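Quick notes on the structure that follows.
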Amino acid sequence: MKNTMRPKGQSAQLTLLTPQYDEIVLTDDVRKAYGSYFTPGYVASALYERTFPDLGERDCVLDPTAGLGHLLGAVPKQVGAIGVEIQPELAARARQATGRPVVTGDIRTYDIERACDELCDGRRVTACFANPPFSIGIIEAILERAYHLLPQGGRFASILPVHFFHIASRTVRHNRQWSIACELLPRDVFPRLAQSICWAVFERDTKRVLGGFALYEDIAAARALADRYRRTLRDVAVEPWRVVVLDALRDLGGQAHLSDVYRVVESKRSNAGRFYREKVRQQLQRYAVRIGKGEYRLPDQPNAAYAA
Ligand SMILES: C[S@@+](CC[C@H](N)C(=O)[O-])C[C@H]1O[C@@H](n2cnc3c(N)ncnc32)[C@H](O)[C@@H]1O
Numbered sequence: 004m005k006n007t008m009r010p011k012g013q014s015a016q017l018t019l020l021t022p023q024y025d026e027i028v029l030t031d032d033v034r035k036a037y038g039s040y041f042t043p044g045y046v047a048s049a050l051y052e053r054t055f056p057d058l059g060e061r062d063c064v065l066d067p068t069a070g071l072g073h074l075l076g077a078v079p080k081q082v083g084a085i086g087v088e089i090q091p092e093l094a095a096r097a098r099q100a101t102g103r104p105v106v107t108g109d110i111r112t113y114d115i116e117r118a119c120d121e122l123c124d125g126r127r128v129t130a131c132f133a134n135p136p137f138s139i140g141i142i143e144a145i146l147e148r149a150y151h152l153l154p155q156g157g158r159f160a161s162i163l164p165v166h167f168f169h170i171a172s173r174t175v176r177h178n179r180q181w182s183i184a185c186e187l188l189p190r191d192v193f194p195r196l197a198q199s200i201c202w203a204v205f206e207r208d209t210k211r212v213l214g215g216f217a218l219y220e221d222i223a224a225a226r227a228l229a230d231r232y233r234r235t236l237r238d239v240a241v242e243p244w245r246v247v248v249l250d251a252l253r254d255l256g257g258q259a260h261l262s263d264v265y266r267v268v269e270s271k272r273s274n275a276g277r278f279y280r281e282k283v284r285q286q287l288q289r290y291a292v293r294i295g296k297g298e299y300r301l302p303d304q305p306n307a308a309y310a311a
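With positions in the sequence shown counted from 1, the corresponding number in the working numbering is that position plus 3.
Written out as structure tokens, the structure is:
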């Protein structure tokens, strides 16, 4: 589509920066309801160059919540691009400004696979470039859709509120599917924004690396334990994980199968997954006596580590 809004010689994102577009299109209420806060064009270009310099003409980039098309406008012409936007007037403006296909719909339910088949000129969506509304539910839904859409090695890169990563178990759960790397962004990218924001790159790979996150696995594992064992982790200074598993064996009569140890140490309320299992297994292998397949008993001197 021809971009009639773009003055000759100017790039799409610069044209879109003109403030009257924001004012014409959106009232404050609508902005809040849909989380319509647009990425400044120069930031969109810098983020694209930082993250996707390797993309070429066989690739296609999806912006799942395209707004006025500022992110799409940063995708070089030779790379395919497609957007989804829930507000029809914005989708129309994004199409007009960038010349890219921008479909109107809700990314949580839209048949995006079909739209990509029809509109991406035979290219596969290998990257998502996003700045979604800052709602955990929508971000989770978009990540889930992206996971199914992207091939191995595909990336979902997004401006996100830092609070998306506040809970260890959520991050570790996503890390079961993605490698995740995160860097802080200054929040004054957006005028009057009260939340901290970051640039997060999720890569669909088998390495499952966490970059820029400290102790998330450990804290998710500890949070999944029953209160009594969690208190042990908190209050014991010397080798607390060793004390937890030996206490559990003691609670089970001095010997037990791995599955019983898991059962007693896990919180009934926990839906944090099985983060602690690896830790428990490792400690049993190290400090208990193996007496059969998955079967362990207390060592003869279970407190030896204290005495040493
Ligand atoms: C934070 S703005 C970002 C727009 C653009 N990606 C950018 O960076 O400038 C988020 C956009 O998502 C749209 N949106 C909100 N919920 C959506 C949904 N469920 N599906 C598709 N778009 C949605 C809003 O209308 C808004 O334009």
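Even for Gly, the Cβ is constructed at its ideal location relative to N, Cα and C. Computed from a prediction, not measured in an experiment: that's the story for all the values here.
For L218 and L301, the rounded distance between their alpha carbons:
Going from the Cα of L301 to the Cα of L218 covers about 29 Å.
Would you identify the three-state DSSP class for W181, choosing helix, strand or coil?
Here W181 sits in coil by DSSP.
Check whether the Cβ atoms of C185 and G215 sit closer than 8 Å, and answer yes or no.
Yes, the Cβ-Cβ distance between C185 and G215 is below 8 Å.
Every unbroken alpha helix (DSSP H) inside the stretch 77–144 [4 residues or more]
Here the runs fully enclosed are 91–101, 115–122.
Throw me the rounded Cβ distance for the T42 and I162 pair, which I believe falls under 8 Å.
With a Cβ gap of about 7 Å, T42 and I162 count as contacting.
Opposite V3 in the DSSP bridges: which residues?
Only positions 4 to 311 of the chain appear in the structure, and residue 3 is not among them; the question remains open.
Test item: CB-CB of R96 and G72 under 8 Å:
A contact, by the Cβ cut-off of 8 Å.
From A229 to V264, what does the alpha carbon distance come to, in whole angstroms?
Using only the alpha carbons, I get a separation of about 12 Å.
Can you give me the C-alpha to C-alpha distance between A77 and R126, rounded to a whole angstrom?
Going from the Cα of A77 to the Cα of R126 covers about 18 Å.
To the nearest whole angstrom, what separates the beta carbons of F55 and A144, a pair I think is in contact under 8 Å?
Their Cβ separation, rounded to whole angstroms, is 23 Å, which puts F55 and A144 out of contact at 8 Å.
Anticipated Cβ contact below 8 Å, G86 with D62, distance rounded
That pair is no contact at about 15 Å.
Determine the direct distance from the alpha carbon of L58 to that of G124, and round the result to whole angstroms.
In the sequence on display, residue 124 carries Asp and not Gly. In this structure, the alpha-carbon of D124 lies about 16 Å from that of L58.
Among D254, P243, D303, G295, which one has its Cα closest to the Cα of R282?
In the sequence on display, residue 282 carries Lys and not Arg. Checked all of D254, P243, D303, G295; the closest Cα to K282 is P243.
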